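Undergrad: Residue numbers (the working numbering): 45 to 223. Built from N, CA and C at the ideal position, the CB exists for glycine as well. Keep in mind the model is a prediction, meaning the values are calculated, not measured. Dropping a structure here in structure tokens format, bear with me for questions.
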């Protein structure tokens, strides 16, 4: 299978955030705002939230169809150039019955997330779209004190550049680098 690689991001592009699994953005709005701020200030992106992105964890859990509708609307919106997961969780598999692979296939764009959003990465794969397994709004983008420089460089190299991604370095948190 040949996968479609979505268009690269550029400063000024609109990205949509969503909660496909756990409602962490509604539970910890200060973390969400910190991540949103990094996306805007470090990468120059315009961040919008899907309709249910900031709802409570309880609402998110009880409404898998609403979560899938957010995903379908973000893929369908031509002004949105990338979709970024707020955080992982443990039940995004419940969104699959409401996920239309043809919407993903016909509207290729960057999808970024990790952990439980692997389910959505597999949906992208089945739709023929390359997706990006990586950080989320509440985790990497919302790092206390700002993002790590290697994360900034990795995101720019992967999502904003036509250059080959090249070697990905393991960065240790105990002071060792490039181990």
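Alpha carbon to alpha carbon, how far is residue 156 from residue 53? Give it in angstroms, no decimals.
TA: In the chain shown, counting from the first residue as 1, residue 53 sits at position 9. In the chain shown, counting from the first residue as 1, residue 156 sits at position 112. Approximately 12 Å, taken between the alpha carbons.
Undergrad: So, residue 118 versus residue 104, is the Cβ gap smaller than 7 Å?
TA: Residue numbering aside, residue 118 sits at position 74 when the chain shown is read from its first letter. Residue numbering aside, residue 104 sits at position 60 when the chain shown is read from its first letter. No, these two residues do not count as a Cβ contact at 7 Å.
Undergrad: Can you tell me the Cα-Cα spacing of residue 112 and residue 209, whole angstroms?
TA: The count along the chain shown starts at 1 and reaches residue 112 at position 68. The count along the chain shown starts at 1 and reaches residue 209 at position 165. So the alpha carbons of these two residues sit roughly 30 Å apart.
Undergrad: Counting along the chain, where does the beta strand (DSSP E) carrying residue 77 start and finish?
TA: Looking up residue 77 in the chain shown gives position 33. No beta strand (DSSP E) contains residue 77, which is instead part of the alpha helix (DSSP H) from 73-87.
Undergrad: Once the 5 residues before and after residue 160 are set aside, which same chain residues still bring their CB inside 6 Å of it?
TA: Within the chain shown, the letter at position 116 stands for residue 160. Cβ within range, chain order: 65, 132, 133, 134 and 136.
Undergrad: Since residue 70 and residue 101 should fall inside the 8 Å C-beta cutoff, what is the C-beta to C-beta distance between them, to a whole number of angstroms?
TA: Position 26 of the chain shown holds residue 70. Position 57 of the chain shown holds residue 101. That pair is a contact at about 6 Å.
Undergrad: Can you confirm whether residue 69, when its beta carbon is compared against all beta carbons of chain C, has any partner nearer than 7 Å?
TA: The structure shown contains no chain C, having only a single protein chain.
Undergrad: Going by other Cβ atoms of all chains shown within 10 Å of its Cβ, with 16 needed for buried, is residue 222 buried or exposed?
TA: As a position in the chain shown, residue 222 is number 178, starting the count at 1. Here residue 222 scores only 49 on pLDDT, less than 50, and its place in the model is too uncertain to base an answer on.
Undergrad: Just how far apart, CA to CA, sit residue 144 and residue 116?
TA: In the chain shown, the residue the question calls residue 144 occupies position 100. In the chain shown, the residue the question calls residue 116 occupies position 72. For residue 144 and residue 116, the distance between alpha carbons rounds to 7 Å.
Undergrad: Using a threshold of 7 Å, state whether the C-beta atoms of residue 199 and residue 171 are closer than that.
TA: Taking the first residue of the chain shown as position 1, residue 199 is located at position 155. Taking the first residue of the chain shown as position 1, residue 171 is located at position 127. No.
Undergrad: Please list the segments of the beta strand (DSSP E) lying wholly inside the segment 148-202, counting only runs of 3 or more residues, in order along the chain.
TA: Complete beta strand (DSSP E) runs here, min 3: 154-157.
Undergrad: Name the DSSP beta bridge partners of residue 124, please?
TA: Working through the chain shown from its first residue, we reach residue 124 at position 80. DSSP output for residue 124 lists 58 as bridge partner(s).
Undergrad: Buried or exposed: which applies to residue 191, given that a residue is buried once 16 or more other Cβ atoms fall within 10 Å of its Cβ?
TA: Here residue 191 refers to the residue found at position 147 when the chain shown is read from its first residue. Per the 10 Å Cβ criterion, buried.
Undergrad: Report, in whole angstroms, the separation of the C-beta atoms of residue 81 and residue 124, which I expect to be a contact under 8 Å.
TA: Indexing the chain shown from 1 puts residue 81 at position 37. Indexing the chain shown from 1 puts residue 124 at position 80. About 19 Å; that fails the 8 Å criterion.
Undergrad: Comparing alpha-carbon positions, which option in 88, 173 and 185 lies nearest residue 47?
TA: As a first step, residue 47 must be located in the chain shown, where it is residue number 3. The residue with the shortest Cα to Cα distance from residue 47 is 173.
Undergrad: Within 10 angstroms of its Cβ, does residue 180 collect 16 or more other Cβ (buried), or is it exposed?
TA: As a working note, residue 180 is residue 136 in the chain shown. Looking at its Cβ environment, which holds 16 or more other Cβ atoms inside 10 Å, residue 180 is buried.
Undergrad: Measure the beta-carbon distance from residue 138 to residue 108 and round it to whole angstroms, keeping in mind my assumption that it falls under 8 Å.
TA: Along the chain shown, one-based indexing puts residue 138 at 94. Along the chain shown, one-based indexing puts residue 108 at 64. Confirmed, Cβ separation roughly 4 Å.
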